[in-house]
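Have a look at the structure below, then the notes.
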Amino acid sequence: MEDLIFNLFIFVLASFVGFELISKVPPTLHTPLMSGANAISGITLIGALIIAGGSESVYAQWIGFVAIVFATINVVGGFMVTDRMLEMFKKKEDDK
Amino acid sequence: MSQFLPDFIQSYIPNSIQLIYLIATGFFIVGIRRLGSPATARSGNQLASIGMFIGVFVTLFDRDIISFEFIIAGVILGALLGAFAAKKVKMTAMPEMVAVFNGFGGGASALVAWGEFSRLETGSFEVQALITTGLSILIGSITFTGSFIAFGKLKGFIGGGRIALPGQNIINLVLTAAALALVGWFTVDPEYQLVFWSLFGLALLIGVLTVLPIGGADMPVVISLLNSYSGIAASMAGFVLGNNLLIISGALVGAAGLILTNIMCQAMNRTLFNVLFGAFGGDEGGPGQDLGDKSVQQTFADDVAIQCSYANKVIVVPGYGLAVAQAQHILKEVANLLEEKGVTVKYGIHPVAGRMPGHMNVLLAEADVPYDQLYDMDDINPEFKSTDVVLIIGANDVVNPAAKTNPGSPIYGMPILDVDEAKRTIVFKRSMNPGYAGIENELFYSDKNQMFFGDAKKSLQDLAVAIKELD
Numbered sequence: 001m002e003d004l005i006f007n008l009f010i011f012v013l014a015s016f017v018g019f020e021l022i023s024k025v026p027p028t029l030h031t032p033l034m035s036g037a038n039a040i041s042g043i044t045l046i047g048a049l050i051i052a053g054g055s056e057s058v059y060a061q062w063i064g065f066v067a068i069v070f071a072t073i074n075v076v077g078g079f080m081v082t083d084r085m086l087e088m089f090k091k092k093e094d095d096k
Numbered sequence: 097m098s099q100f101l102p103d104f105i106q107s108y109i110p111n112s113i114q115l116i117y118l119i120a121t122g123f124f125i126v127g128i129r130r131l132g133s134p135a136t137a138r139s140g141n142q143l144a145s146i147g148m149f150i151g152v153f154v155t156l157f158d159r160d161i162i163s164f165e166f167i168i169a170g171v172i173l174g175a176l177l178g179a180f181a182a183k184k185v186k187m188t189a190m191p192e193m194v195a196v197f198n199g200f201g202g203g204a205s206a207l208v209a210w211g212e213f214s215r216l217e218t219g220s221f222e223v224q225a226l227i228t229t230g231l232s233i234l235i236g237s238i239t240f241t242g243s244f245i246a247f248g249k250l251k252g253f254i255g256g257g258r259i260a261l262p263g264q265n266i267i268n269l270v271l272t273a274a275a276l277a278l279v280g281w282f283t284v285d286p287e288y289q290l291v292f293w294s295l296f297g298l299a300l301l302i303g304v305l306t307v308l309p310i311g312g313a314d315m316p317v318v319i320s321l322l323n324s325y326s327g328i329a330a331s332m333a334g335f336v337l338g339n340n341l342l343i344i345s346g347a348l349v350g351a352a353g354l355i356l357t358n359i360m361c362q363a364m365n366r367t368l369f370n371v372l373f374g375a376f377g378g379d380e381g382g383p384g385q386d387l388g389d390k391s392v393q394q395t396f397a398d399d400v401a402i403q404c405s406y407a408n409k410v411i412v413v414p415g416y417g418l419a420v421a422q423a424q425h426i427l428k429e430v431a432n433l434l435e436e437k438g439v440t441v442k443y444g445i446h447p448v449a450g451r452m453p454g455h456m457n458v459l460l461a462e463a464d465v466p467y468d469q470l471y472d473m474d475d476i477n478p479e480f481k482s483t484d485v486v487l488i489i490g491a492n493d494v495v496n497p498a499a500k501t502n503p504g505s506p507i508y509g510m511p512i513l514d515v516d517e518a519k520r521t522i523v524f525k526r527s528m529n530p531g532y533a534g535i536e537n538e539l540f541y542s543d544k545n546q547m548f549f550g551d552a553k554k555s556l557q558d559l560a561v562a563i564k565e566l567d
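Protein chains in written order, with the working numbering: chain A, 1 to 96; chain B, 97 to 567.
As structure tokens, this is what we get:
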């Protein structure tokens, strides 16, 4: 139970950091922000690696495999598409 | 990979992994921070991706990971699919793309919790792992199916309007309560297979049923909320595995999604509950809607060209119709022609224009419109008084004065762009059909307003030709 409480502390504090970080973002960047944050939520890939790389059961490994495919799509696609969007944001001076 | 390292190093590995996770966390936080300003946003995204790479790479040294066939195959397959989709997607289809990626992320979190649960030996369950496993499966699965339904609605595979069974809201509330009860039951009796599978199935069903009734105009809220869910699901998976990096990153994303959801709700003057459980209908006409015998003034490209060319200041108000017509590039060309004539051109962007937060900004950026010409609602509203012509392209509800004047209107109280203060408004529209919210717009019948009927792209092309011919 102590672990749960400790993890809960981390969760709540990290949420506050998240609120502080995001509340200042201008509307212009809402789409890239969402897409970038979405790519970060693919961090669950790390959990998928641990499941797929363990050897206790082939059943779990297959679940892990599908999880890896899903999470990697999220991570790689998310970061790349965000980069593609942000590449287009320019100031007027850089226009020409 | 730890088995390939010498013994004396192996004992340091668990702590080293944790410390490197801390570094990855730092990359994420600084990355998100830098995403907050247009000048640094790109580097912020790159920093976050470096953090992700570090986190993933160092995890490969985890002692529990001893076989790599599944990992290598999964990462290659996922990376190819993700990269292909990211390269190919059109900017107008960005809301769909984010929804899909989001769905995969949520699905992955549910699978991670399931996989970890299936590895545990019976009898060795701990309560805290079980609660979070249940929650991770619940939230992850809702995100998974919810996102794909949102994708289907945005793509038009599924009707954009309200699709609802009678008593849908009560059904959804009951199902959600039942799912939470199943999480509790699962915690008490994890070996009862039927409970586990019922929870999984019910969660997938809730994702479908909660997103299905939500109309197209509310999609910015839904996408933000699903984004938040996928973060919380990842965080819950972190609780299951006792992994701090997952808990923290998931919480950051969860918080980000909630803030955006809140901003979107405020922009529509609606509560989240109202969006989720009370979609706009097409038939709530309210009093004062009878505009029967009023008529609209119609206009054509030549006339619009003259009005714009001799204006001092023109403000463009883009909406989803611009995206549908793929007209952002030709719009930029028209703006260039006007600027060459010395006209000041600005863009006024409503927070919920488009189908996801900031969607219009991305489309205009794609057409090389510099971001310092794009103005938020609060910044542009004082300027309409001194504006000669407002071009409203594919937008409707965000300029509807009923939001200010008609308490019976479903959108009453929603902050809008005050285009009616300008000397002249010109609405680019395909026909007189009401917008997504299904509400009549008095602006169209105003003396100061003219309607320019036709597909937005075609109309703007005609306008560009007409402006050139004036020289």
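Don't be surprised by glycine CBs; every beta carbon is placed ideally from N, CA and C.
Assuming the contact rule is C-beta atoms closer than 8 Å, residue i and residue j should be a hit. Round their C-beta distance to whole Å, please.
{"i": "Val-485 (chain B)", "j": "Ala-407 (chain B)", "result": "5 Å"}
{"i": "Pro-316 (chain B)", "j": "Met-452 (chain B)", "result": "5 Å"}
{"i": "His-455 (chain B)", "j": "Pro-191 (chain B)", "result": "6 Å"}
{"i": "Gly-327 (chain B)", "j": "Ser-41 (chain A)", "result": "5 Å"}
{"i": "Val-152 (chain B)", "j": "Leu-45 (chain A)", "result": "6 Å"}
{"i": "Val-76 (chain A)", "j": "Ala-179 (chain B)", "result": "5 Å"}
{"i": "Ala-137 (chain B)", "j": "Leu-29 (chain A)", "result": "6 Å"}
{"i": "Tyr-471 (chain B)", "j": "Ile-512 (chain B)", "result": "With a Cβ gap of about 14 Å, Tyr-471 (chain B) and Ile-512 (chain B) do not count as contacting."}
{"i": "Met-187 (chain B)", "j": "Gln-394 (chain B)", "result": "Actually they do not touch by this definition, with Cβ atoms about 32 Å apart."}
{"i": "Ala-277 (chain B)", "j": "Phe-19 (chain A)", "result": "Not confirmed; about 30 Å, so no contact."}
{"i": "Val-400 (chain B)", "j": "Leu-559 (chain B)", "result": "6 Å"}
{"i": "Leu-21 (chain A)", "j": "Asn-141 (chain B)", "result": "Not a contact, Cβ separation roughly 14 Å."}
{"i": "Ala-169 (chain B)", "j": "Phe-65 (chain A)", "result": "7 Å"}
{"i": "Ile-507 (chain B)", "j": "Ile-535 (chain B)", "result": "6 Å"}
Determine whether the beta carbon atoms of residue i and residue j lie at a separation below 8 Å.
{"i": "Gly-353 (chain B)", "j": "Leu-321 (chain B)", "result": "yes"}
{"i": "Ile-344 (chain B)", "j": "Ala-14 (chain A)", "result": "yes"}
{"i": "Ile-51 (chain A)", "j": "Glu-212 (chain B)", "result": "yes"}
{"i": "Pro-26 (chain A)", "j": "Pro-447 (chain B)", "result": "no"}
{"i": "Leu-271 (chain B)", "j": "Leu-298 (chain B)", "result": "yes"}
{"i": "Gly-550 (chain B)", "j": "Ile-489 (chain B)", "result": "no"}
{"i": "Leu-427 (chain B)", "j": "Val-412 (chain B)", "result": "yes"}
{"i": "Ala-449 (chain B)", "j": "Ala-491 (chain B)", "result": "yes"}
{"i": "Phe-247 (chain B)", "j": "Ala-195 (chain B)", "result": "yes"}
{"i": "Phe-282 (chain B)", "j": "Leu-295 (chain B)", "result": "yes"}
{"i": "Thr-573 (chain B)", "j": "Leu-368 (chain B)", "result": "The requested residue 573 (chain B) is not part of the displayed model; chain B covers only 97 to 567."}
{"i": "Gly-280 (chain B)", "j": "Asn-38 (chain A)", "result": "no"}
{"i": "Leu-117 (chain A)", "j": "Leu-131 (chain B)", "result": "Residue 117 (chain A) lies beyond the residue range present for chain A, which begins at 1 and ends at 96; the question has no answer from this structure."}
{"i": "Ile-150 (chain B)", "j": "Ile-116 (chain B)", "result": "yes"}
{"i": "Thr-239 (chain B)", "j": "Asn-198 (chain B)", "result": "yes"}
{"i": "Val-494 (chain B)", "j": "Gly-438 (chain B)", "result": "no"}
Among the options, which residue has its Cα nearest to the Cα of residue i?
{"i": "Gly-509 (chain B)", "options": "B:Gly-297, B:Met-364, B:Leu-295", "result": "B:Met-364"}
{"i": "Arg-366 (chain B)", "options": "B:Ala-144, B:Leu-459, B:Val-318, B:Gly-174", "result": "B:Val-318"}
{"i": "Asp-475 (chain B)", "options": "B:Phe-157, B:Tyr-443, B:Gly-338", "result": "B:Tyr-443"}
{"i": "Thr-31 (chain A)", "options": "B:Gln-557, B:Val-458, B:Asp-314, B:Cys-361", "result": "B:Val-458"}
{"i": "Phe-16 (chain A)", "options": "B:Gly-263, B:Ile-355, B:Glu-538, B:Val-279", "result": "B:Ile-355"}
{"i": "Pro-286 (chain B)", "options": "B:Ser-505, B:Thr-228, B:Arg-520", "result": "B:Thr-228"}
{"i": "Gly-36 (chain A)", "options": "B:Ala-562, B:Met-148, B:Val-523", "result": "B:Met-148"}
{"i": "Val-203 (chain B)", "options": "B:Ser-243, B:Val-284, B:Glu-222, B:Phe-221", "result": "Rather than Val, the amino acid found at residue 203 (chain B) in this sequence is Gly. When each option's Cα is compared against that of Gly-203 (chain B), the closest is B:Ser-243."}
{"i": "Ala-518 (chain B)", "options": "B:Phe-480, B:Pro-497, B:Phe-197", "result": "B:Phe-480"}
{"i": "Ile-167 (chain B)", "options": "A:Ala-39, A:Met-80, A:Ala-60, A:Phe-79", "result": "A:Ala-60"}
{"i": "Leu-269 (chain B)", "options": "B:Leu-305, B:Ile-113, B:Thr-357, B:Ala-137", "result": "B:Leu-305"}
{"i": "Pro-478 (chain B)", "options": "B:Thr-121, B:Val-515, B:Val-494", "result": "B:Val-515"}
{"i": "Asn-111 (chain B)", "options": "B:Asp-158, B:Ala-273, B:Asp-493, B:Thr-440", "result": "B:Asp-158"}
{"i": "Glu-569 (chain B)", "options": "B:Val-307, B:Ala-552, B:Arg-526, B:Thr-521", "result": "The question about residue 569 (chain B) has no answer here: the residues shown for chain B are numbered 97 through 567."}
{"i": "Val-523 (chain B)", "options": "B:Pro-503, B:Gly-504, B:Leu-556", "result": "B:Leu-556"}
{"i": "Lys-554 (chain B)", "options": "B:Ala-333, B:Phe-396, B:Asp-314, B:Gly-263", "result": "B:Phe-396"}
In chain A, what lies closer than 7 Å to residue i by C-beta?
{"i": "Ser-205 (chain B)", "result": "Thr-44"}
{"i": "Glu-462 (chain B)", "result": "Met-88"}
{"i": "Ile-344 (chain B)", "result": "Ile-10, Ala-14"}
Taking Cβ-Cβ distances shorter than 8 Å, what residues in chain A pair up with residue i?
{"i": "Thr-155 (chain B)", "result": "Ile-46, Leu-49, Ile-50"}
{"i": "Gly-353 (chain B)", "result": "Met-34, Ala-37"}
{"i": "Arg-366 (chain B)", "result": "Those do not exist, as Arg-366 (chain B) stays about 18 Å from chain A at its closest Cβ, beyond 8 Å."}
{"i": "Ala-144 (chain B)", "result": "Gly-36, Ala-39, Ile-40, Phe-79"}
Closer than 9 Å by beta-carbon distance: list the chain A residues that pair up with residue i, in chain order.
{"i": "Tyr-416 (chain B)", "result": "By Cβ distance, chain A contributes nothing, its closest Cβ being about 14 Å from Tyr-416 (chain B), past 9 Å."}
{"i": "Pro-453 (chain B)", "result": "Pro-27, His-30, Thr-31, Leu-33, Met-34"}
{"i": "Ile-167 (chain B)", "result": "Ala-48, Leu-49, Ala-52, Gly-53, Gly-64, Phe-65, Ile-68"}
Measuring from the CB of residue i, is there a heavy atom of the ligand SAM at a distance below 7 Å?
{"i": "Gln-469 (chain B)", "result": "For the ligand SAM, the structure offers nothing, since it holds no ligand at all."}
Quick test of the definition: if touching needs 3 or more C-beta pairs under 8 Å, does the segment 202-219 of chain B touch the segment 66-79 of chain A?
They touch, by the three-pair rule.
Is the segment 499-506 of chain B touching the segment 460-467 of chain B, taking contact as three or more C-beta pairs under 8 Å?
Inter-segment contact for the segment 499-506 of chain B and the segment 460-467 of chain B is absent: fewer than three beta-carbon pairs are separated by less than 8 Å.
Tell me, please, whether the segment 119-126 of chain B touches the segment 99-109 of chain B by the rule of three or more beta-carbon pairs shorter than 8 Å.
With a cut-off of 8 Å, the segment 99-109 of chain B and the segment 119-126 of chain B do not count as touching, because too few Cβ pairs lie within range.
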